[in-house]
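Residue numbers for the sequence shown follow my numbering, beginning at 11 and rising by one.
Just so it is clear, CB atoms sit at the ideal spot from N, CA and C, and this is done for glycine as well.
Keep in mind it's a predicted model, so treat the numbers as computed, not measured.
Below you'll find the structure, written out as structure tokens, and then a few comments.
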Amino acid sequence: MGTTSFCLCGCVDQASVGIIERWGRFERLAQPGFHFFNCLAGQFLAGVLSTRIHSLDVRCETKTKDNVFVHLICSIQYRVVKENADDAFYELANPREQIQAYVFDVVRALVPRITLDDLFEQKSDVAKAVLEELEKVMGAYGYSIEHILMVDIIPDDTVRKAMNEINAAQRLQLASVYKGEAEKVFLVKKAEAEAEAKYLGGVGVARQRQAITDGLRENILEFAHKVEGTSSKEVMDLIMITQYFDTIKDLGNSSKNTTIFIPHGPGHVRDIGDQIRNGMMEASSAQIDQQ
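As structure tokens, then:
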């Protein structure tokens with residue numbers, strides 16, 4: 011807004027409008043360009059208003075429905091309506107304070123009815139309500155409200171910290187659920203693998219025992235056929251003693267063993283030999299008696 015100027019001519023810049031008065035009374039609007047004024051008739055340029063868009067940031071403190079104090083930062087873009095520039099020049103002495111006062115009034119009437127979480131989601135609704143109120147009021151004074159942006163919502167530091175902790179706890183809880191599900195799947199698959207391995211191991215042992223049994227049967231039949239006077243039991247005892255000593259030999263030759271505990275003493279070996287010899291003698295005596 012310019013000051014009163016008493017001169018014969020004047021220039022109004024582009025994107026501006028001049029206010030021309032005659033003897034202190036509004037006469038007409040001056041469009042951008044060069045103008046002559048008749049000072050003798052009391053005509054002069056009272057002031058110049060810019061029709062460019064202006065920006066005003068309003069910081070308002072209020073509380074939400076759940077009693078959380080927040081700071082809202084609203085950015086208001088407004089301009090002077092060229093056709094109503096005389097209303098803007100004469101009606102309002104400080105339009106910025108007027109706009110700020112209406113923003114405070116609307117925000118502090120609307121936000122206390124909304125919770126903090128809903129406020130973040132409905133900030134566009136708050137901006138729309140402020141826009142409707144300002145358009146209705148400021149339009150009567152020759153101002154047009156172009157846009158209103160809810161730039162930021164700033165809760166108290168302790169509230170923000172609590173919200174972050176709640177969010178972190180929820181994410182940790184969700185991560186624990188996923189981790190538990192993963193461990194469950196791992197344990198189930200591991201149990202299935204162990205069951206399958208035990209089954210296959212049992213099949214292998216059964217086949218191994220079947221092969222051992224078949225081999226022993228063939229050895230017993232072949233030995234009894236070639237050595238006359240021996241029974242199947244005698245041959246079986248001899249084979250068992252041979253396997254017993256082979257097992258002890260394998261244990262002693264194993265590179266992974268440093269100490270071997272065998273549950274028998276030297277007398278046991280003699281007992282085994284006596285048992286074999288007695289068995290052979292008893293078998294021969296039985297054959298003589300039968301003859």
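Decide if residue i is buried, meaning its Cβ has at least 16 other Cβ atoms within 10 Å, or exposed.
i, result
"K133", "buried"
"G28", "buried"
"V150", "According to the sequence as given, residue 150 is Ala; it is not Val. With fewer than 16 other Cβ atoms within 10 Å, it is exposed."
"E143", "buried"
"D167", "exposed"
"I109", "buried"
"D96", "buried"
"F46", "exposed"
"I86", "buried"
"Y88", "buried"
"F99", "buried"
"L210", "exposed"
"V187", "exposed"
"L182", "exposed"
"V213", "exposed"
"V121", "buried"
"V80", "buried"
"L126", "buried"
"V195", "exposed"
"V345", "What the structure shows of the chain is the stretch from 11 to 301, and residue 345 is not part of that stretch, so it cannot be assessed."
Sorted by chain position, which residues of the same chain lie with C-beta nearer than 6 Å to residue i's C-beta, five sequence neighbours on each side aside?
i, result
"S60", "S26"
"P276", "Here P276 scores only 48 on pLDDT, less than 50, and its place in the model should not be relied on; the value that follows carries that caveat. Within the same chain, P276 has no close Cβ partners at all."
"A207", "none"
"E193", "none"
"E228", "none"
"Q53", "R32, F47"
Relative to the alpha-carbon of residue i, which residue among the options has its alpha-carbon at the smallest distance?
i, options, result
"V113", "S154, V187, D67, A179", "D67"
"D115", "H45, A139, V78", "A139"
"A51", "S65, G57, R35", "R35"
"C21", "F196, E101, L55", "L55"
"D162", "K189, E131, Y153", "E131"
"G43", "F99, Y100, A111, C19", "C19"
"R123", "L159, Q53, N77", "N77"
"V90", "T74, V198, C49, Y153", "Y153"
"S65", "V58, P105, K92, N48", "P105"
"Q41", "C49, N48, I30", "I30"
"V147", "E101, Q220, T74", "E101"
"I158", "K200, I63, K92", "I63"
"Q24", "I176, G190, M173, K92", "K92"
"N48", "A111, R32, N263", "R32"
Grouping DSSP H, G and I as helix and E and B as strand, with all else coil, what is residue i?
i, result
"V80", "strand"
"P276", "Reliability fails at P276, whose pLDDT of 48 lies under 50, so the model's placement of it is uncertain and the value that follows must be treated cautiously. Helix, per DSSP."
"K73", "strand"
"F196", "helix"
"V116", "helix"
"Q53", "strand"
"Q302", "Any question about residue 302 goes unanswered here, given that the chain covers just 11 to 301."
"V90", "strand"
"D166", "coil"
"I176", "helix"
"R106", "helix"
"R181", "helix"
"L18", "coil"
"G152", "coil"
"R123", "helix"
Which same chain residues end up closer than 8 Å to residue i when comparing Cβ atoms and leaving out the 5 residues on each side of it in sequence?
i, result
"V117", "C70, T72, L82, C84, V136, V140"
"A201", "none"
"L129", "T74, V80, V121, V136, I163"
Once you ignore the five residues that flank residue i on each side, which residues in its own chain have a CB closer than 7 Å to its CB?
i, result
"E145", "I155"
"V169", "V78"
"I164", "V80, H81"
"R38", "I30"
Note the first and the last residue of the continuous beta strand (DSSP E) segment covering residue i.
i, result
"A40", "35 to 40"
Taking the alpha helix (DSSP H) that residue i belongs to, which residues open and close that run?
i, result
"F47", "It is not in any alpha helix (DSSP H) - F47 carries neither H nor E in the DSSP assignment."
"V147", "133 to 148"
"Y100", "95 to 101"
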